[in-house]
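Single-structure report; data block below.
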Amino acid sequence: MSRWVVHLDLDAFYASAEQLTRPTLRGRAVVVGGTGHRGVVAGASYESREYGVRSAMPMSQARRLLPAGGVVLPPRFRLYEILSKEVFDVVGEVAPVLERISLDEAFAEPPALAGASVGQVTEWAENLRTRIREKTGLTASIGAGTGKQVAKIGSDRAKPDGLLVVPPGTEREFLAPLPVRALWGIGPVAEAKLRTIGVLTLGELAALPEPDAVSTLGGVVGRDLRRLASGFDDRPVAERGEAKQVSAETTFDVDVVDLVRLRAEVRKIAAGAHARLVKAGRVARTVVIKLRHTDMSTVTRSETTASPTDDLEQLAATAERLLLDPQEFGGVRLAGVAFSGLSVPHQDALFSLTVPAATEEPVVTSAPSPGGSAPVSSSGWRPGDDVVHAEYGTGWVQGAGHGRVTVRFETRTSGPGVARTFDQTDPALTRGEPSDCLA
197 MSRWVVHLDL DAFYASAEQL TRPTLRGRAV VVGGTGHRGV VAGASYESRE YGVRSAMPMS
257 QARRLLPAGG VVLPPRFRLY EILSKEVFDV VGEVAPVLER ISLDEAFAEP PALAGASVGQ
317 VTEWAENLRT RIREKTGLTA SIGAGTGKQV AKIGSDRAKP DGLLVVPPGT EREFLAPLPV
377 RALWGIGPVA EAKLRTIGVL TLGELAALPE PDAVSTLGGV VGRDLRRLAS GFDDRPVAER
437 GEAKQVSAET TFDVDVVDLV RLRAEVRKIA AGAHARLVKA GRVARTVVIK LRHTDMSTVT
497 RSETTASPTD DLEQLAATAE RLLLDPQEFG GVRLAGVAFS GLSVPHQDAL FSLTVPAATE
557 EPVVTSAPSP GGSAPVSSSG WRPGDDVVHA EYGTGWVQGA GHGRVTVRFE TRTSGPGVAR
617 TFDQTDPALT RGEPSDCLA
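This is the structure in structure tokens:
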């Protein structure tokens with residue numbers, strides 16, 4: 197019987213969650229992330245992606261790309277965690293074993309699809325997408341195939357709000373024209389190595405003699421990636437434990453012998469690990485660096501901060517501080533950065549993807565400044581904050597400053613709400629919880 201693996205990925209999850217619970221933002225370019233001058237994009241709506249905004253992009257660059265009417269918001273990880281649970285509770289009703297990759301994506305191998313036809317798989321997946329939309333208001337893209345790799349690539353190509361089923365026996369044909377970076381496991385270093393031998397597509401990698409793949413990419417890795425490129429993938433779908441760390445590492449083509457260059461390389465590696473930290477919706481307390489000497493000996497060093505953070509600048513600076521000078525340590529063949537001590541930032545305002553305090557109060561606006569930052573006013577209010585008013589109910593701050601705060605009152609089910617302006621000390625206005633907007 198044909199094996200069917202399904203990969204489900206929520207579309208532009210962080211930004212879609214904001215548009216879902218703040219209906220005024222639907223159809224607008226929305227960017228979620230750190231709004232300080234060194235902040236990064238954690239999520240971008242498809243409307244903002246049309247202007248070139250992407251996840252992990254510096255927020256300063258994203259602001260320049262956003263159109264008039266674009267909105268920058270701090271993340272609400274507690275909200276995303278709740279919505280993620282709602283979605284995967286729905287999925288769990290028809291797929292009892294889920295391999296969760298992050299808050300917004302997972303693999304499944306539903307027992308009901310064992311031996312199913314392409315038409316049956318298509319109907320099953322469309323029914324699941326419909327149930328997710330009806331019960332949560334979110335859209336999901338689904339890819340289905342005989343293995344995890346094909347299913348993952350299928351969901352990527354189905355986005356946004358789509359479905360792609362790869363029939364059994366067509367995997368190699370489906371993968372062949374894709375660039376090698378489309379394969380999970382091939383990063384920039386492996387891509388560069390393959391390019392030197394003229395391999396640019398997965399079809400070319402699949403056709404590569406195994407000895408050439410092994411000599412280019414390494415023993416086990418070369419064989420495995422070549423098999424995956426050919427469409428063969430028998431890896432099981434299994435539940436994962438909670439991730440204990442996120443990491444990234446690079447093997448250098450030429451040993452690094454200069455501290456200045458090593459710092460620059462480690463900062464780039466830290467940025468890669470940070471992107472995974474943000475995607476996982478986590479903050480970290482411990483930074484670990486790994487350095488492999490020319491003679492293959494390995495040294496690791498770590499530092500634990502007083503409180504968890506997702507601030508790229510702080511994490512990268514800690515990684516740099518832990519480095520050993522190659523003039524004393526010797527040439528560095530490989531460097532890696534890991535973030536551990538992970539937790540969910542329930543108190544969103546405490547973390548760096550939210551907004552740092554400003555020294556001046558902003559002008560009151562009827563919406564967050566297009567592409568602008570969201571500084572905290574002297575009252576402590578900032579665009580994006582959840583609030584509750586004794587008379588008007590649940591809302592969120594659109595602007596604050598000069599003793600005033602403007603609030604848009606709306607929730608997931610209310611439709612676009614009315615904006616009202618109050619004195620910043622109005623006793624009827626209190627801080628809300630991210631979950632309030634789900635009522």
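Going by this note's numbering, the sequence shown opens with residue 197, and the numbers climb by one from there. C-beta: ideal position from N, C-alpha, C; glycine also.
Counted within 10 angstroms of its Cβ, other Cβ atoms place residue i as buried (16 or more) or exposed
i       : result
Ala-434 : exposed
Thr-412 : buried
Thr-326 : exposed
Ser-493 : exposed
Lys-475 : buried
Spatial neighbours of residue i in its chain, beta-carbon cut-off 8 Å, leaving aside the 5 residues before and after
i       : result
Ser-479 : Strictly speaking, residue 479 in this sequence is Val, with Ser absent from that position. Correct list, in chain order: Leu-473, Pro-504, Thr-505, Asp-506, Leu-538, Ser-539, Val-540, Pro-541 and Phe-547.
Pro-363 : Val-314
Arg-459 : Glu-516 and Leu-519
Glu-629 : Arg-274 and Asp-582
Option in the options with minimal Cα separation from residue i
i       : options                               : result
Trp-200 : Val-601, Ser-313 and Val-584          : Ser-313
Asp-205 : Asp-619, Ala-225 and Asp-300          : Asp-300
Ala-444 : Arg-431, Val-462, Leu-458 and Arg-457 : Val-462
Ser-244 : Ser-212, Thr-217, Leu-390 and His-203 : Ser-212
Arg-627 : Gly-576, Ala-615 and His-598          : Gly-576
Leu-359 : Gly-365, Ile-349, Thr-366 and Glu-367 : Ile-349
Glu-524 : Ala-512, Ala-466, Thr-501 and Val-452 : Val-452
Gln-510 : Thr-482, Thr-318 and Arg-259          : Thr-482
Pro-263 : Val-226, Ala-476, Val-293 and Trp-320 : Val-226
Backbone CA spacing between residue i and residue j [nearest angstrom]
i       : j       : result
Leu-334 : Ile-328 : 7 Å
Glu-400 : Ala-238 : 34 Å
Ala-635 : Ala-304 : 30 Å
Leu-508 : Arg-250 : 17 Å
Ile-393 : Pro-407 : 13 Å
Asp-285 : Val-202 : 16 Å
Trp-592 : Glu-246 : 26 Å
Leu-162 : Ser-498 : The requested residue 162 is not part of the displayed model; the chain covers only 197 to 635.
Gly-468 : Gly-341 : 29 Å
Val-268 : Phe-209 : 15 Å
Thr-602 : Arg-222 : 19 Å
Arg-422 : Lys-344 : 15 Å
Val-228 : Ser-256 : 13 Å
Gly-527 : Ile-485 : 16 Å
Ser-337 : Phe-370 : 18 Å
Thr-617 : Ser-631 : 23 Å
Ala-354 : Arg-600 : 45 Å
Val-138 : Ser-198 : Look at the range of the chain in this structure, 197 to 635, and you will see that residue 138 is not part of it.
Ser-241 : Arg-224 : 8 Å
Chain-order list of residues whose beta-carbon lies under 6 Å from that of residue i (same chain, five-residue window excluded)
i       : result
Pro-219 : Glu-606, Gly-611 and Pro-612
Ser-569 : Summary for Ser-569: the model assigns pLDDT 37, below 50, so the residue's position carries little reliability, and this model does not support an answer.
Asp-352 : none
Leu-216 : Gly-333 and Arg-608
Counterpart residues of residue i in DSSP-defined beta bridges
i       : result
Ile-485 : Arg-497 and Val-533
Val-268 : Val-227
Ile-338 : Leu-204 and Leu-359
Gln-441 : Ser-536
Ala-240 : Val-227
Asp-582 : Trp-592
Thr-447 : Leu-530
Val-603 : Val-593 and Arg-616
Residues of its chain near residue i, where Cβ-Cβ distance is below 7 Å and the 5 sequence neighbours each way are ignored
i       : result
Arg-436 : Glu-295 and Arg-296
Leu-404 : Val-395 and Arg-422
Ala-147 : The requested residue 147 does not occur in the structure, where the chain is confined to residues 197 to 635.
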